[in-house]
Amino acid sequence: MFLNLENTRYMQYVGALSATLSNTAMGMYATWASPALSILQSEDSPLGRPIDHEEGSWIVSLPKLAAVPASIIGGWLVEKIGRKHSLLIAGILLFLPWLMIIFGTSIWILYAARFIAGLGNGVVIIGCSIYNAEIAENDIRGKLGSIAIVLRLVGSLLTLSVGPHVSYTVLAIISATVPVIFICIYFFMPESPYYLVKAKKPEEAEKSLRILSSKSVSDKFFKERIMEIEQSIEEDMRNKTTLWEFFSNANYRRAIYIMIGK
Numbered sequence: 000m001f002l003n004l005e006n007t008r009y010m011q012y013v014g015a016l017s018a019t020l021s022n023t024a025m026g027m028y029a030t031w032a033s034p035a036l037s038i039l040q041s042e043d044s045p046l047g048r049p050i051d052h053e054e055g056s057w058i059v060s061l062p063k064l065a066a067v068p069a070s071i072i073g074g075w076l077v078e079k080i081g082r083k084h085s086l087l088i089a090g091i092l093l094f095l096p097w098l099m100i101i102f103g104t105s106i107w108i109l110y111a112a113r114f115i116a117g118l119g120n121g122v123v124i125i126g127c128s129i130y131n132a133e134i135a136e137n138d139i140r141g142k143l144g145s146i147a148i149v150l151r152l153v154g155s156l157l158t159l160s161v162g163p164h165v166s167y168t169v170l171a172i173i174s175a176t177v178p179v180i181f182i183c184i185y186f187f188m189p190e191s192p193y194y195l196v197k198a199k200k201p202e203e204a205e206k207s208l209r210i211l212s213s214k215s216v217s218d219k220f221f222k223e224r225i226m227e228i229e230q231s232i233e234e235d236m237r238n239k240t241t242l243w244e245f246f247s248n249a250n251y252r253r254a255i256y257i258m259i260g261k
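Per numbering that gives the first Met the number 0, the sequence shown runs over residues 0 to 261.
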């Protein structure tokens, strides 16, 4: 007997999987330096000369440095233009650096590529986790959230597995296909209904919910779900933490110390 997909929540899985492809692209950047540095530090470097140890250190660290401001920008972006559009922008930021790596002949172009990749990573970290949490119903939210970790590791493993066996340029071309696939698939996914309710677009929010939900549920379900989201938003606004409270509250400070210590 064939599964009747219309009576399932398969679109929540499809939406989460497509959004999480951005994590695969992010994982590939995380381990790209491992196979690439050995080529860049050799006489066959595509930059025309071997890079030194300090330059290699910058190549490794720049994405992480860029991810710090990008996480702040990403938090603003997902609220300003939505989760979906933020992730699509991140997809572009994850694609452009590969073009720079493929065609770049200067260490500074490589620096810029890695920094831009870090910006994309930062937006993905914020946008993907929020999107997956908001499109999923309570009983499958944990499952969909764990997909991000798995696909990020898949991206890292793919680079480490393929990288040593292909050229510098071929590795970049292979890596560039992942954000392209992500953009092409995710473009057709619905926006988070939570964001649409927050943006005062209840009709669009209900349309998004209908795409993400089983076709067997009643109209009453959608009305109740919209009301639940509205109540959740109101509660979030009441419990909103200011920047001053974040640093002055002892519990928050303790969490920051733990994070820095790691």
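Just so you know, even glycine gets a beta-carbon here, dropped at the ideal spot from N, CA and C.
What you are looking at is a predicted structure, and each value in this text was computed from that prediction instead of being measured.
Here the alpha carbon of glutamine 11 sits roughly 45 angstroms from the alpha carbon of glutamate 53. With respect to proline 178, phenylalanine 114 sits apart: the two C-beta atoms are not nearer than 9 angstroms. For valine 122, the enclosing alpha helix (DSSP H) has its first and last residue at 106-134.
Boundaries for glutamate 190: no alpha helix (DSSP H) harbours it, and the DSSP string shows neither H nor E there.
Pro96 is the residue among Pro96, Ser60, Leu64 whose C-alpha sits nearest the C-alpha of threonine 168. Counting every other CB atom within 10 Å of its CB across the protein chains shown gives leucine 92 a total of 16 or more, marking it as buried. Bounds of any alpha helix (DSSP H) do not take in isoleucine 80, whose DSSP letter is neither H nor E. Exclusion of the five residues before and after tryptophan 31 leaves Thr158 as the residues of its chain whose Cβ lies within less than 6 angstroms of its Cβ. The C-alpha of serine 174 lies about 39 angstroms from the C-alpha of serine 231.
If you check the CB distance, serine 70 and tyrosine 130 do not come in under 9 angstroms. In terms of Cα proximity to glycine 47, the closest of Tyr193, Ser207, Phe102, Leu61 is Phe102.
A residue is called buried once 16 or more other Cβ atoms fall within 10 Å of its Cβ, and cysteine 127 is buried on that count. For lysine 142, the enclosing alpha helix (DSSP H) starts and ends at 140-161.
Across the structure, isoleucine 88 and valine 77 are spaced so that their CA atoms are roughly 11 angstroms apart.
If you draw a 10 Å sphere on the C-beta of glycine 141, you find fewer than 16 other C-beta atoms in it, and that means exposed.
Lysine 83 sits buried, since 16 or more C-beta atoms from the chains shown fall within 10 Å of its C-beta. A residue is called buried when at least 16 other Cβ atoms come within 10 angstroms of its Cβ; serine 37 does not meet this threshold and is exposed.
If you look at leucine 211, you'll find it in the alpha helix (DSSP H) that goes 201-211. For glutamine 11, the enclosing alpha helix (DSSP H) begins and ends at 9-39.
Contact annotation: the segment 55-67 does not touch the segment 180-198, with fewer than three C-beta pairs closer than 8 angstroms. Counting only residues of its own chain and dropping the five nearest sequence neighbours on each side, isoleucine 184 has a CB closer than 8 angstroms to the CB of Ser17, Leu20.
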